[in-house]
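Undergrad: For the sequence shown, the working numbering assigns the number 3 to the initial residue and increments by one for each residue that follows.
Idealized CB from N, CA, C, for every residue including glycine.
This is the structure I want to talk about, given as structure tokens.
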Amino acid sequence: MRRTITGFSNPTVKFLRSLRDKKHRRQEQRFLAEGLRLLTDARESGRLPEMLVMATGREAHPLLAALEADVLAAGGEVVEMDEAILAKVTGKDNPQAVAGVFAEFDTRLATIDRNSAKIWLVAQALRDPGNLGTMLRTGDAVGAGGLILLDDCADPFSVEAVRASMGAVFTQAVVQARWEEFEGWLRAAQGQLVAASLRDAQDYRRAPYAAPCFLMVGNESRGLPEAYEIACDLRVTMPMRGRADSLNAAVAAAVLAYEALAHLDG
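In structure tokens:
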């Protein structure tokens, strides 16, 4: 179905705007992604938006035409609106010419196969959606299976996290769980849990990584709880040669992921 919206008070505009709020995303189980590149990554990963939103007067593009055709063929909806209305939806003065509404993914632990990848990224109480999106992007870059979010993390389906992932939210599995659930799941089969830590830690370049390897980083300001560190099979540390005493959580995850990958591929 295709239709055009001309008024700011249209119920669809209100619905789209509501998806910028976590409470409404949870209620609707839907999230918003902006930009042709992001939506093309989603399409190439086998995920199509239920609703494709486009600015009237946009420039023609073959990727957008293909996306539009696929959405309509799948029974989705194409909605056109003035750029000023689209700016109201996205909250940006210069919005992308296209956005999409997606159904949230199943984020249960039971949905993933731990043996489908050598590396998995794990984040505990990560609060910054930019860091979360960056970790998804890192996971895609190193061929990780996905990102497991423990305890109270930022919403992986927020506009900020989706944007920061640069499309990796569509290529990486996203899992949400409490620590107790994750630990029980992990210990029920093979899997090495590795933490960035200072507690009885080895040099990250010489550590004995083993697949499937679950690389865990903690909260940006507090790090990992002591009990979580103690429960790990391996604790590793990275040298700090300047005044800083730690790395950004997402940066630490990236450094560890590439080092672990080098060992596991070697």
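1. Whole angstroms is fine: what's the gap from Thr173's alpha carbon to Leu34's?
2. Candidates Ala44, Lys90 and Asp72: which alpha carbon is nearest Phe17's?
3. Tell me whether Thr136 sits in a helix, a strand or coil according to DSSP, three-state version.
4. Got a sec? Which residues, its chain only, sit under 7 Å from Ala209 by beta carbon, not counting five neighbours each side?
5. Counting along the chain, where does the alpha helix (DSSP H) carrying Gly186 start and finish?
6. In this structure, what does DSSP give as the bridge partners for Gly273?
7. Exposed or buried, what is Tyr206 when buried is set at 16 or more other beta-carbons lying within 10 Å of its beta-carbon?
8. Would you list the one or two residues that DSSP bridges to Gly48?
9. Alpha carbon to alpha carbon, what distance is there between Val81 and Asn12?
10. Less than 7 Å between the beta carbons of Ala259 and Leu217, yes or no?
11. Where Phe184 and Pro64 are concerned, what is the direct C-alpha to C-alpha distance, given to the nearest angstrom?
12. With a cut-off of 8 Å on the beta carbons, I'd call Glu52 and Ala105 a contact; round off their distance for me.
13. Would you give the residue range spanned by the beta strand (DSSP E) that Glu70 belongs to?
14. Quick one: Cα of Val176 to Cα of Thr58, how far?
15. Exposed or buried, Gln31, counting other C-beta atoms within 10 Å across all chains shown (16 or more means buried)?
16. Nearest to Asp23 by alpha carbon, out of Thr92, Thr109 and Ala256?
17. What separation, rounded to the nearest whole angstrom, lies between the Cα atoms of Gly147 and Ile87?
18. Specify, as a first and last residue, the run of the alpha helix (DSSP H) that Thr92 falls within.
19. Please state the DSSP three-state secondary structure of Gly141.
TA: In short, the structure shows the following:
1. Reading the sequence shown from its first residue, position 171 is the one you call residue 173. Reading the sequence shown from its first residue, position 32 is the one you call residue 34. Those two C-alpha atoms are separated by around 16 Å.
2. Counting from one through the sequence shown, the residue named residue 17 turns up at place 15. Here the closest residue by C-alpha is Lys90.
3. Numbered from 1 along the sequence shown, position 134 holds the residue referred to as residue 136. Three-state result, Thr136: helix.
4. Numbered from its first residue, the sequence shown carries residue 209 at position 207. Result list for Ala209: Leu236 and Val238, in chain order.
5. Indexing the sequence shown from 1 puts residue 186 at position 184. Element bounds for Gly186: Trp181 to Arg189.
6. In the structure displayed, the chain extends from 3 to 268; residue 273 sits before or after that span and is not available.
7. As a first step, residue 206 must be located in the sequence shown, where it is residue number 204. Answer is buried; the Cβ neighbour count reaches 16.
8. Looking up residue 48 in the sequence shown gives position 46. DSSP, once it has assigned bridges, lists no residue as partnering Gly48.
9. In the sequence shown, the residue the question calls residue 12 occupies position 10. In the sequence shown, the residue the question calls residue 81 occupies position 79. Straight-line Cα distance between these residues: approximately 12 Å.
10. Position 257 of the sequence shown holds residue 259. Position 215 of the sequence shown holds residue 217. Cβ distance < 7 Å, so Ala259 and Leu217 count as in contact.
11. As a working mapping, residue 184 is identified with position 182 in the sequence shown. As a working mapping, residue 64 is identified with position 62 in the sequence shown. Cα to Cα, Phe184 sits roughly 43 Å from Pro64.
12. Taking the first residue of the sequence shown as position 1, residue 52 is located at position 50. Taking the first residue of the sequence shown as position 1, residue 105 is located at position 103. Indeed they touch by this definition, with Cβ atoms about 6 Å apart.
13. On the sequence shown, residue 70 is found 68 positions in, with the first residue counted as 1. Per DSSP, Glu70 belongs to no beta strand (DSSP E); it is in the alpha helix (DSSP H), Pro64 to Ala75.
14. Position 174 of the sequence shown, counted from the first residue, corresponds to residue 176. Position 56 of the sequence shown, counted from the first residue, corresponds to residue 58. The alpha-carbon atoms of Val176 and Thr58 are separated by roughly 33 Å.
15. For the purposes of this step, residue 31 is taken as the residue at position 29 of the sequence shown. Exposed, because fewer than 16 other Cβ atoms sit within 10 Å of the Cβ of Gln31.
16. Taking the first residue of the sequence shown as 1, we reach residue 23 at position 21. Among Thr92, Thr109 and Ala256, the Cα nearest to that of Asp23 is on Thr92.
17. Within the sequence shown, numbered from 1, the residue matching residue 147 stands at position 145. Within the sequence shown, numbered from 1, the residue matching residue 87 stands at position 85. Near 38 Å, if we compare the C-alpha coordinates of Ile87 and Gly147.
18. Position 90 of the sequence shown, counted from the start, is the residue given in the question as residue 92. Run containing Thr92: Glu85 to Thr92, per the alpha helix (DSSP H) assignment.
19. Translated into positions along the sequence shown, residue 141 becomes position 139. It is helical.
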